[in-house]
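Each residue of the sequence shown is one higher than the last, beginning at 828 in this note's numbering. The structure under discussion appears below in the form of structure tokens.
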Amino acid sequence: MFENLGQSESIDGIDQQLVNELAQNTSDNIRALRKHERYEITLGLVAQPGQMSCPNQLNVSGHTVDISNGGCMAVFQRPLAVGDVYRVSVDPADGDFPLIFARCVRVRLLREDAFEVGFSFLTRIDVNEAIKGNGGAS
């Protein structure tokens, strides 16, 4: 019944190691692990299905919360389908962005009329260059 009693010391050691690792998860350390720098900037967006055969099936407007060269977080009034590919257009007034094809990687309900959508871009874009004409990234 008590043959595993000595294992609690190693479990405590493992627990302490995990606590130490979690303590090192500061904002700066997490930011350093990201592939691309994120810009906290609001840009107008329109998302449409990535398939050219059904472009008018869905046309959802929203705005970015942040954007990087590899993806963005945006807010829309309705949810998008996780795993689907979308054509994402940035409002021309917000910068000179190319047409972006992006995969929806997550959706989170914020309110009944607001959904946070995470996009991963299928090709890298240069955010700093695209917004340069509009005062640069903030």
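Ideal Cβ positions, reconstructed from N, Cα and C, are used throughout, including at glycine.
For Thr950, count neighbouring Cβ atoms within 10 angstroms of its own Cβ and tell me buried if that reaches 16, exposed if not. exposed
Considering just the uninterrupted stretch of the alpha helix (DSSP H) at Val954, what are its terminal residues? 954-958
Buried or exposed: where does Leu926 fall if 16 or more other Cβ atoms within 10 Å of its Cβ makes it buried? exposed
Tell me the residue span of the beta strand (DSSP E) that contains Ile868. Careful: Ile868 lies outside any beta strand (DSSP E) and carries neither H nor E.
Are the Cβ atoms of Tyr866 and Ser888 separated by less than 8 Å? no
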